[in-house]
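Engineer:
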Amino acid sequence: MTQAIIATPETTNNSIVTEGAISNPEEQLLWTSADLELMPDNGNRYEIINGELYVTRAPHNKHQDTCGNFYYELKTWSKISGLGYAVIGAGLIFGDNDDVIPDVIWMNKEKYAALIDDAGHFRGAPDLAIEVLSTGTDNEKRDREIKLKLYSSHGVLEYWIADWRAKQIQVYRRENGVLKLAMTLFATDTLTSPLLPEFSCLISQIFE
Numbered sequence: 005m006t007q008a009i010i011a012t013p014e015t016t017n018n019s020i021v022t023e024g025a026i027s028n029p030e031e032q033l034l035w036t037s038a039d040l041e042l043m044p045d046n047g048n049r050y051e052i053i054n055g056e057l058y059v060t061r062a063p064h065n066k067h068q069d070t071c072g073n074f075y076y077e078l079k080t081w082s083k084i085s086g087l088g089y090a091v092i093g094a095g096l097i098f099g100d101n102d103d104v105i106p107d108v109i110w111m112n113k114e115k116y117a118a119l120i121d122d123a124g125h126f127r128g129a130p131d132l133a134i135e136v137l138s139t140g141t142d143n144e145k146r147d148r149e150i151k152l153k154l155y156s157s158h159g160v161l162e163y164w165i166a167d168w169r170a171k172q173i174q175v176y177r178r179e180n181g182v183l184k185l186a187m188t189l190f191a192t193d194t195l196t197s198p199l200l201p202e203f204s205c206l207i208s209q210i211f212e
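Shown next, in the form of structure tokens:
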């Protein structure tokens, strides 16, 4: 994800939000999925977490390369195994106040069929969610803390956080009902998952 901007409904009036954090503690109105339908189609990414609006701008090219590499590896494996589907930039709707766009997701065939709606969004948790970091304290807090809590509370089984600058991936797996850090992988390591039988990929390939 790229630079995050937090806003509240009454401060933006559904217009383009300038860079920075905007809040209104007196009203504390919550954004909903319905509000996203009114956002301008201007290349920004709009997400709602716990009723707060996060606006992110166009990412660094290396961020996109990394997302594409994850998608390619997972899609290739999925075609061979026939076990599920990888999706890049999917809309996940957990509820009226939680509507996000992870960089990449993967889910098994049964879950894919059960969760996808008529608009092509998914109304529930994928098996795997992947976020690629961009620099900035707000960006890291969102992906490392806020989205980790969101995905954990809604039943995501595995969460990968990729740092293309450091060339490392943190792997969180569900343990006792919550996502916990299982390992941190570096360029010379190999990425595998119990969710993906016989899937194997060098970390260095993800960051090419």
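Using our numbering, the first residue of the sequence shown is number 5, and each one after it goes up by one.
For each residue, glycine too, the CB sits at the ideal point set by N, CA and C.
1) Near T70, what residues of its chain come up, given a Cβ to Cβ distance below 7 Å and the 5 sequence neighbours on each side ignored?
2) Return the chain-ordered ranges of every beta strand (DSSP E) run that is complete within the stretch 88–167 and spans a minimum of 3 residues.
3) For T141, count neighbouring Cβ atoms within 10 angstroms of its own Cβ and tell me buried if that reaches 16, exposed if not.
4) Can you look up L183 in the DSSP assignment and give me helix, strand or coil?
5) If we count the other Cβ atoms within 10 Å of its Cβ and call it buried at 16 or more, is K184 buried or exposed?
6) Going by DSSP in three states, E212 sits in which element: helix, strand or coil?
7) Compute the Euclidean distance between the alpha carbons of T60 and N143, then round it to the nearest angstrom.
8) Nearest CA to the CA of S156: which residue from V91, V175, D39, S138?
9) Of all the options D107, D103, K113, which has the alpha carbon lying nearest to the alpha carbon of H158?
10) In chain order, what residues of the same chain lie with their CB nearer than 7 Å to the CB of T196, ignoring the 5 residues before and after it?
11) Contact between the stretch 93–107 and the stretch 43–53: three or more CB pairs below 8 Å?
12) What first and last residue would you give for the beta strand (DSSP E) that runs through T196?
13) Go ahead and label S208 buried or exposed: buried means 16 or more other beta carbons lie within 10 angstroms of its beta carbon, across all protein chains shown.
14) Could you give the distance in angstroms between the alpha-carbon of A25 and the alpha-carbon of K83?
Structural biologist: Walking through what the data contain:
1) A distance below 7 Å between beta-carbons, with the five flanking residues on each side excluded, links T70 to the following residues of its chain, in chain order: V136, A166, W168, I210, F211.
2) Counting only runs of 3 or more, we get 88–92, 96–99, 102–104, 108–112, 132–136, 162–167.
3) Label assigned to T141: exposed.
4) The answer is strand: DSSP assigns L183 an E or B state.
5) Taking every protein chain shown into account, the CB of K184 has fewer than 16 other CB atoms within 10 angstroms, so this residue is exposed.
6) Coil.
7) Looking at the two C-alpha atoms, the distance is approximately 9 Å.
8) It is V175 whose Cα lies nearest to the Cα of S156.
9) When only C-alpha atoms are compared, the closest one is D103.
10) Excluding residues within five positions, the ones whose Cβ falls inside 7 Å are F203, S204.
11) Counting Cβ pairs under 8 Å, three or more are found: they touch.
12) Run containing T196: 194–197, per the beta strand (DSSP E) assignment.
13) It is exposed - the Cβ of S208 has fewer than 16 other Cβ atoms within 10 Å.
14) With a pLDDT of 36 at A25, under the threshold of 50, the predicted position of this residue should be treated as unreliable, though the coordinate-derived value follows. If you take the alpha carbons of A25 and K83, they lie about 42 Å apart.
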